[in-house]
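Taking it in order: structure first as structure tokens, then the write-up.
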Amino acid sequence: MEQKKFDINSLIGFLLIGGILIWMLYLNKPSEEELQAEKAKTEAAAAEKATSEKTKQDITLAQATSDTMDAVKPGDSLALEQLKNKLGSFAYSGTLPSATDGTTVLENDVLMLKISNKGGYITEALLKNFHKYDSVPVYLIKDGNASLDLQFSAENRTLNSQDLFFEPTLSKNGEDQVLSMKLKTSESGYIEYRYTLHPGEYMMDFSINSQGLDGVINTSQPMYLDWKLKGYRHAKSIQYENRYSRLTYEYEDEKHSKLSPSGDDDELEKDVTWMNFRQHFFSSMLLTDTPFKEVKLTSENLVHDEEVDTTFTKQYGAKILLEPKGGALSYNMNMYYGPSDYQIFKKYDRNLDEAMPLGWGIFGIINKYIIIPLFAFLSDFLPAGIAIIVLTILIKLLLSPVQYKQYLAQAKMKVLKPEMDEIKEKYKDNKLKIQQETMKLQNSAGASPLKGCLPAILQIPVFYALFTFFPSAFDLRQKSFLWADDLSSYDTIAELPFPIPFYGDHVSLFPILASIAIFIYMMMTTGQSMQQNQTPGMPNMKFIMYLSPLFMLIFFNNYASGLSLYYFVSNLITIGIMLVIKNFIIDENKIHAKIQVKKAQPKKQNKFQRKMSEMMEQAEEQKKRK
Numbered sequence: 002m003e004q005k006k007f008d009i010n011s012l013i014g015f016l017l018i019g020g021i022l023i024w025m026l027y028l029n030k031p032s033e034e035e036l037q038a039e040k041a042k043t044e045a046a047a048a049e050k051a052t053s054e055k056t057k058q059d060i061t062l063a064q065a066t067s068d069t070m071d072a073v074k075p076g077d078s079l080a081l082e083q084l085k086n087k088l089g090s091f092a093y094s095g096t097l098p099s100a101t102d103g104t105t106v107l108e109n110d111v112l113m114l115k116i117s118n119k120g121g122y123i124t125e126a127l128l129k130n131f132h133k134y135d136s137v138p139v140y141l142i143k144d145g146n147a148s149l150d151l152q153f154s155a156e157n158r159t160l161n162s163q164d165l166f167f168e169p170t171l172s173k174n175g176e177d178q179v180l181s182m183k184l185k186t187s188e189s190g191y192i193e194y195r196y197t198l199h200p201g202e203y204m205m206d207f208s209i210n211s212q213g214l215d216g217v218i219n220t221s222q223p224m225y226l227d228w229k230l231k232g233y234r235h236a237k238s239i240q241y242e243n244r245y246s247r248l249t250y251e252y253e254d255e256k257h258s259k260l261s262p263s264g265d266d267d268e269l270e271k272d273v274t275w276m277n278f279r280q281h282f283f284s285s286m287l288l289t290d291t292p293f294k295e296v297k298l299t300s301e302n303l304v305h306d307e308e309v310d311t312t313f314t315k316q317y318g319a320k321i322l323l324e325p326k327g328g329a330l331s332y333n334m335n336m337y338y339g340p341s342d343y344q345i346f347k348k349y350d351r352n353l354d355e356a357m358p359l360g361w362g363i364f365g366i367i368n369k370y371i372i373i374p375l376f377a378f379l380s381d382f383l384p385a386g387i388a389i390i391v392l393t394i395l396i397k398l399l400l401s402p403v404q405y406k407q408y409l410a411q412a413k414m415k416v417l418k419p420e421m422d423e424i425k426e427k428y429k430d431n432k433l434k435i436q437q438e439t440m441k442l443q444n445s446a447g448a449s450p451l452k453g454c455l456p457a458i459l460q461i462p463v464f465y466a467l468f469t470f471f472p473s474a475f476d477l478r479q480k481s482f483l484w485a486d487d488l489s490s491y492d493t494i495a496e497l498p499f500p501i502p503f504y505g506d507h508v509s510l511f512p513i514l515a516s517i518a519i520f521i522y523m524m525m526t527t528g529q530s531m532q533q534n535q536t537p538g539m540p541n542m543k544f545i546m547y548l549s550p551l552f553m554l555i556f557f558n559n560y561a562s563g564l565s566l567y568y569f570v571s572n573l574i575t576i577g578i579m580l581v582i583k584n585f586i587i588d589e590n591k592i593h594a595k596i597q598v599k600k601a602q603p604k605k606q607n608k609f610q611r612k613m614s615e616m617m618e619q620a621e622e623q624k625k626r627k
């Protein structure tokens, strides 16, 4: 049998391997910074776990509170004791006969509201006189899409009014309906929501008051009123409706602003006096007599795929900081649930018309003081489509002197064309000289391309004002004309089997007619002269002439058909006025004779013209020297 011997080489190998391992462990030893970071990470994970557990406990507590309040009966001492442990003084509300999910109805001839005992807020708001595009009644609030939650601290507890039960008392004050919703701690201690609905009004009085809660509510902790609403879809085109659904508000002494209409947005504002959760043609508003010190406003876009049959457009929120006075709440407010109608907003004299997208500056002024009153007058006795046509005729007649000036300037340029062609031929190798001589000719004849552009520029404010008026005109909603069943939405003559990017899944006729009319108008006014008077280096105006009708055809396919009707009629009238001016008012031979007389007269240049002439002469001299 072979005898085993001690192998010194194996021992040395093991020692070397052990030494290498110890050396590697020493090199990879964590630094003091890494140890601190690992410790902080462990503590953060423990804190997150604790927070998660507390959140779960809070949710369970809220559910248990709600369940206990639903289950507690007067005289049930065990359930009452459990409720007191959870709610303290506010456990009293759980013993009231109203501690059920009952509702109270406030109603007039235009509005129906349901207010829930649980939370004391509006759970249904029906507008009686309006329907959606699919003939379903218009609800601004229904099926849990809105909440109003008073968040406060009481007896070392954070409570939410939306989880608690209010006691309703419905009464009448003359023709007004008054609903008092009280969250009680005793017969004399309570928080009250008071709703007062007036006959025929979308605006109602709303107040929050407290009484006998000294020592119960902790006023040293922040108190918030959290108002949330998801806007229902009401229109045929979700894309079009969502574009005009927007949160607007007034703050800091009648300043007005709005959140983004297309993406998610938020803003923290001071001294807010009203906010409007606008859903294009309908508004949900909260107004206050005492400005809210601070409000966190949020808007979330809920339309992520316009091809999907979307139920909601926007998620709105307003978290309002309340300030108790002398330990008690006292806020007199108003709520509005109704149409986004300029005429209705204006009568309240609270700057609510600023919630309408009527354009800024001169554009808004034209809409407020000319277009809206005129259209309201016409639509009182004319169908909406005819009212648009009459409005268009009146506006075109009002602007016809401006258009006459524009066409006269174009006629003068046309008469001067032969002489301008001679200048181009004579100085064909000197572009600077062509510009210089052309300017001299135009100045001596009293003609200039700018004189044709200025009248067109003067028409832009009216053009843009009408562009903003028609999409927001409530009087056009669901009003039909010819083949268009709703002038506030697109008209449809054909459905496409698939959607085309930027165009849509349908064909609208009014944009096609408007595009053809624009093309004919541009051919008459600029088609002949665009290329002839094309200045080197300038954009190809002929391309723009073709682009404008194409833009109208594509972009307006999903716009309000009332707007396309206006542009169609407007361009038809413009073409007619131009034909009358050309054939019966302006005589090109007389214009030519007048130009020749004017050219013969000594022409006095103004300061700007002299400066331009001097600059051109200096440039010409420099070129010669080179």
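Following the numbering used here, the numbering of the sequence shown begins with 2 at its first residue and continues without gaps. Heads up, the beta-carbon is just placed ideally off N, CA and C, and yes, glycines get one too.
Quiz item: How would you write the range of the beta strand (DSSP E) that Leu259 sits in, first residue to last?
Solution: Checking the displayed sequence, the identity of residue 259 turns out to be Lys instead of Leu. Residues 256 to 259.
* Under the three-state DSSP convention, the category Ala63 falls into -> Reliability of the predicted coordinates at Ala63 is poor, the pLDDT of 48 falling under 50, and no value is obtained from them.
In chain order, what residues of the same chain have a beta carbon less than 6 Å from the beta carbon of Leu269, not counting five sequence neighbours either side?
Lys297
**Item:** N-terminal and C-terminal residue of the alpha helix (DSSP H) that Ile494 is part of
**Value:** Neither: Ile494 is in no alpha helix (DSSP H) and is coded neither H nor E.
Please report the straight-line C-alpha distance between Gly538 and Met414, rounded to a whole angstrom.
At Gly538 the pLDDT is 46, less than 50, meaning the model places this residue with poor confidence; the figure from the coordinates comes in the next sentence. In a straight line, the C-alpha of Gly538 is about 20 Å away from that of Met414.
- Task: Give a yes or no on contact between the segment 240 to 248 and the segment 262 to 282, applying the rule of three or more CB pairs nearer than 8 Å.
- Result: Look at the beta carbons and you see the segment 240 to 248 touching the segment 262 to 282: at least three pairs across the two are nearer than 8 Å.
Point to revise | Continuous alpha helix (DSSP H) assignments of at least 4 residues falling wholly in the segment 314 to 396 | key: 343 to 348, 363 to 367, 373 to 380
Check your understanding: Which parts of the segment 543 to 581 are runs of the beta strand (DSSP E), unbroken and 3 residues or longer, counting only runs that do not cross its ends?
Key -> none
Name the two residues that bound the continuous beta strand (DSSP E) containing Pro512. From DSSP, Pro512 is part of no beta strand (DSSP E) but of the alpha helix (DSSP H) over 510 to 523.
**Asked** Mapping DSSP to helix, strand and coil, what is Val137?
**Response** It is coil, neither helix nor strand.
I need the straight-line Cα distance from Asp492 to Tyr560, nearest angstrom please.
9 Å
query = Taking C-beta to C-beta, are Ile321 and Trp228 nearer than 8 Å?
reply = yes
Touching or not, the segment 362 to 377 and the segment 133 to 144, by the rule of three or more beta carbon pairs under 8 Å?
no
With DSSP as the reference, please indicate the residues paired to Tyr233 in a beta bridge. Phe313
| request: Assign Gln58 to buried or exposed, taking buried as 16 or more other Cβ atoms, counted over all protein chains shown, within 10 Å of its Cβ. | output: With a pLDDT of only 44 at Gln58, under 50, the local geometry of the prediction cannot be trusted, and the value read off the model is given with reservation. Gln58 comes out exposed.
Exercise for the section: Kindly indicate which residue of Arg158, Leu171, Leu554 has the alpha-carbon position closest to the one of Glu223. Expected result: Here residue 223 is Pro; the residue named in the question, Glu, does not match the sequence. Answer by Cα proximity: Arg158.
### Straight-line gap, Leu510 to Asn118 (C-alpha atoms, nearest Å)
51 Å
**Request:** Specify, as a first and last residue, the run of the alpha helix (DSSP H) that Val273 falls within.
**Result:** First-last for Val273: 266 to 280, but that is the beta strand (DSSP E), not the alpha helix (DSSP H).
- request: Measure the beta-carbon distance from Leu323 to Leu226 and round it to whole angstroms, keeping in mind my assumption that it falls under 8 Å.
  value: 6 Å
Please classify Tyr343 as buried or exposed, where buried requires at least 16 neighbouring CB atoms within 10 angstroms. buried
Where DSSP assigns a beta bridge to Asp227, which residues make up the other side? According to DSSP, Asp227 shares a beta bridge with Asp150, Lys320.
Indicate whether Thr289 and Met334 have their beta-carbon atoms separated by less than 8 Å.
yes
- Item | Between the CA atoms of Ile513 and Leu409 - distance to the nearest angstrom | 30 Å
Nearest residue (CA-CA) to Phe419, options Gln404, Thr439, Val403 = One detail in the question is off: residue 419 reads as Pro in this sequence, not Phe. Of Gln404, Thr439, Val403, the residue nearest in Cα terms is Thr439.
Excluding sequence positions up to five away, which residues of its chain have a Cβ less than 6 Å from the Cβ of Ser189? Gly213
Pick out whichever of Val403, Asp476, Gly318 has its Cα sitting closest to the Cα of Ala388.
Asp476
Handout entry: Beta-carbon proximity list for Ser208, same chain, < 7 Å, skipping 5 on both sides
Key = Arg195, Tyr332, Asn333, Met334
Neighbour-count burial assignment, Lys397, 16 or more Cβ in a 10 Å radius: buried
Rounded Cβ spacing between Glu295 and Lys271 (contact assumed at less than 8 Å): About 6 Å; that satisfies the 8 Å criterion.
Please list the terminal residues of the continuous alpha helix (DSSP H) segment that includes Asn243. 239 to 244
Review point. When you compare only the Cα positions, how much space is there between Leu114 and Ile461?
Key: 44 Å
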